[in-house]
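If you read the sequence shown in numbering that gives the first Met the number 0, its first letter stands for residue 0, the second for the next number, and so on.
Yeah, the Cβ is synthetic: ideal placement off N, Cα and C, and Gly gets one too.
All of these numbers come straight from a predicted model, not from anything done at the bench.
Worksheet: the structure to be examined is printed underneath.
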Amino acid sequence: MPTIPSNIVVYNLITKRPVCFLSLLSKSIKFYVNLLNCSIFRLLSTSTSKNMNYVEKVRLLDYWKIQDSSLQNEFPRSHLVLMVDRRLLVTKDTPDVKMVEHSYGDLKQLLGEYGLQFDLSNSCLLDALPADNDMIPLFGTSIEAADPPEDSPISKSDVLKQLGNSLGGRFTDIRMAMLTMQEERQRNLLAKFQTLTKWAATYRRCPKCAAALKMRTSKSGAECVTCQKVYYPTFSPVSITLITDPTNEHALLVRHRGSAGGVFTAVAGFAHSGESMAECARREIAEEVGIEVDLIQSLDMSQPWPMPDSSLMIAHVAIAKMDQKISVCPDELETAQWFSRQQVRQALETTLSDPQLKKLPRTLDDRQTLHYIPPAGAIAHQMIRKWVDGKIDFHNSRI
């Protein structure tokens with residue numbers, strides 16, 4: 000068999016640049032080896048899905064993310080969750096809010112009765128679900144419904160209500176769904192759904208050369224058709240910090256401008272380039288409430304949050320002296336106040352008894368009084384509840 004000298008070059012017919020022949024050969028071999036490995040893995044996974052462990056599941060998801068043809072073939076077998084006009088289909092008449100799942104065939108038929116359609120272009124890969132002898136994809140699909148004619152006696156909200164009933168659920172605001180879902184997995188899937196949907200609708204051109212981007216079927220990335228640079232969905236890190244006094248008997252809570260009246264929460268803000276999350280927490284406290292903290296520690300808690308853009312909330316606890324003068328940033332906050340543990344406990348109990356916040360105060364004075372904390376789906380709720388229950392004790396290093 001003749002040997003090929005390593006210095007032989009060929010010309011790429013598209014770029015008109017010399018390319019090493021052996022380099023091309025090596026890349027081709029690697030591509031087909033990887034493809035063969037993925038195909039073998041896929042065959043193995045289909046026969047052992049009932050016993051599929053976490054590692055196998057994430058490897059299958061990673062394969063689906065980058066192999067468009069494979070994921071396209073799986074689409075008719077998939078399950079889907081649905082958004083219509085950026086409102087999420089969730090269960091109705093149950094205290095535990097969850098996304099409603101449908102099989103591809105059922106959803107296609109039910110939406111078709113209302114003249115609505117979905118396809119891969121408006122769908123994104125969320126998860127892999129166990130089936131009888133296989134794993135199937137879970138997609139999120141987001142569609143827009145046309146407005147009825149101006150002279151129509153039926154409003155669009157009436158149509159969506161009827162559609163929700165036909166689909167076995169109801170449509171709700173994404174923010175309220177995030178706040179009221181009890182299961183962390185449900186909240187994280189919704190955050191992923193909203194993030195990928197919005198990113199795929201926004202990222203159409205390459206920031207480097209302005210050429211068109213080819214979006215992956217999974218919506219997990221997009222490649223420039225000209226310079227081949229690959230882009231991935233982005234998110235912003237956010238510090239959220241519960242501030243306590245040195246006795247650990249008081250907490251400093253804030254009320255944001257434009258937020259629901261009587262709802263107080265923890266201080267939060269986006270990290271800047273070149274700063275750690277602890278530095279971000281210290282700076283945000285100084286900016287928003289005008290005080291310095293003595294100590295900051297991570298709570299080893301985080302939460303993806305998709306509104307208004309994708310972010311990752313990272314929880315901290317800090318200690319500050321109560322004798323410092325509070326000076327709120329008027330662009331961000333309406334008020335910031337120290338509250339006793341008992342006052343916060345009462346707000347927690349009110350929130351748990353009214354998770355939909357239906358009894359919010361109406362008068363101006365009451366709006367500045369602590370009545371609620373964020374509902375159970377928010378990381379701020381989890382932080383505050385841990386503190387109320389005595390499970391956050393930074394002062395004795397027991398967190």
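Reference residue i; option with closest CA among the options
i: L251; options: C226, I284, A277 and P147; result: I284
i: T334; options: Q227, G260, D95 and R215; result: G260
i: I313; options: S235, P147 and S120; result: S235
i: R366; options: H255, D330, E278 and R215; result: H255
i: T93; options: S151, Q181, G111 and S165; result: Q181
i: S309; options: K64, Y231, Q345 and L109; result: Y231
i: D172; options: G273, L87, L369 and K64; result: L87
i: L137; options: K228, M276, L79 and S219; result: L79
i: V99; options: G111, L166 and K155; result: L166
i: H271; options: G114, G220, S238 and A200; result: S238
i: L125; options: A379, R186 and G268; result: R186
i: K357; options: P245, H380, T179 and L70; result: T179
i: L298; options: P148, R282 and A277; result: A277
i: I325; options: H101, L363 and I242; result: I242
i: E331; options: E274, S258 and R85; result: S258
i: K228; options: P354, N52, V96 and A209; result: A209
i: L110; options: S68, D67, V158 and R184; result: V158
i: T201; options: S156, F269, T233 and L106; result: T233
i: S301; options: A377, L106, T362 and D244; result: A377
i: Y103; options: R76, T350, T196 and Q342; result: R76
i: S156; options: R85, T368, V253 and Y53; result: R85
i: L106; options: Q66, Q296, V83 and R340; result: V83
i: L128; options: Y371, R281, E183 and H101; result: H101
i: S339; options: L351, L369 and L363; result: L369
i: M134; options: G273, N52, P245 and Q342; result: N52
i: Q342; options: D322, S352, A190 and Y371; result: Y371
i: Q323; options: S151, P245, K160 and E183; result: P245
i: E183; options: S352, D95, T362 and D364; result: D95
Contacting residues, own chain, Cβ-Cβ under 7 Å from residue i (five flanking each side not counted)
i: D131; result: none
i: K91; result: G168 and R169
i: L34; result: Reliability fails at L34, whose pLDDT of 48 lies under 50, so the model's placement of it is uncertain and the value that follows must be treated cautiously. None.
i: K29; result: Because K29 sits at a pLDDT of 47, beneath the cut-off of 50, its placement in the model cannot be relied upon, and the following sentence gives the value as read from the coordinates. Here the set comprises nothing.
i: S217; result: W63, K64, L70, C123 and L124
i: L119; result: Q71, F74 and T216
i: H373; result: In the sequence as displayed, the identity of residue 373 is Pro instead of His. L178, V262, T264, A379 and H380.
i: G389; result: none
i: N164; result: none
i: A280; result: S238, T240, I295, H315 and A317
i: N121; result: T140, S141 and I142
Beta bridge counterpart(s) of residue i as assigned by DSSP
i: M312; result: V237 and Q302
i: C223; result: L212
i: L128; result: I135
i: W337; result: L251
i: T140; result: L81 and S122
i: G411; result: Since the first residue of the chain shown is 0 and the last is 398, residue 411 is not available in this structure.
i: S326; result: S326 pairs with nothing; no bridge assigned.
i: A317; result: I242 and I295
i: V102; result: First, the amino acid is wrong: residue 102 is Ser here, not Val. Answer by DSSP bridge pairing, in chain order: H78.
i: A89; result: For the sequence presented, residue 89 should be read as Val rather than Ala. DSSP output for V89 lists M98 and R169 as bridge partner(s).
i: L332; result: H255
i: R204; result: A211
Neighbourhood of residue i by C-beta distance below 6 Å, restricted to the same chain and skipping five residues each side
i: F117; result: T140 and I142
i: E73; result: P136
i: K213; result: E222 and V224
i: L23; result: Only weak support is given to the placement of L23: the predicted model assigns it a pLDDT of 42, under 50, and the value that follows is read from those uncertain coordinates. So the list is empty, once near-sequence residues are dropped.
i: Q381; result: none
i: K97; result: T90 and Q185
i: L294; result: I318
i: G220; result: V229 and Y231
i: N150; result: A quick correction: the sequence has Asp, not Asn, at residue 150. Nothing listed; no residue qualifies.
Below-9 Å beta-carbon distance, residue i vs any chain B residue
i: A211; result: Included in the structure is just one protein chain, with no chain B present.
Residues near residue i in its chain [Cβ-Cβ closer than 8 Å; skip 5 each side]
i: M306; result: I173, R174, M177 and Q193
i: A267; result: V237, S238, I239, T240, E283, M312 and A379
i: P147; result: I153, S154, K155 and V158
i: W198; result: K218, P232, T233 and S309
Rounded Cβ spacing between residue i and residue j (contact assumed at less than 8 Å)
i: E286; j: C226; result: The Cβ separation is near 39 Å, so there is no contact.
i: W304; j: H249; result: Not confirmed; about 27 Å, so no contact.
i: G81; j: Y113; result: Contrary to the premise, residue 81 reads as Leu rather than Gly in this sequence. Contact doesn't hold; Cβ gap of about 12 Å is too wide.
i: A375; j: P354; result: 6 Å
**Asked** When the Cβ atoms of the stretch 310-328 are set against those of the stretch 197-206, are three or more pairs found closer than 8 Å?
**Response** no
**Prompt:** Are the stretch 138-146 and the stretch 51-60 in contact at 8 Å, needing three or more beta carbon pairs?
**Reply:** no
**Item:** Sufficient close CB pairs (3 or more, under 8 Å) joining the stretch 381-395 to the stretch 275-291
**Value:** no
**Message:** Check whether the stretch 344-363 and the stretch 260-275 touch, using three or more Cβ-Cβ pairs below 8 Å as the test.
**Reply:** yes
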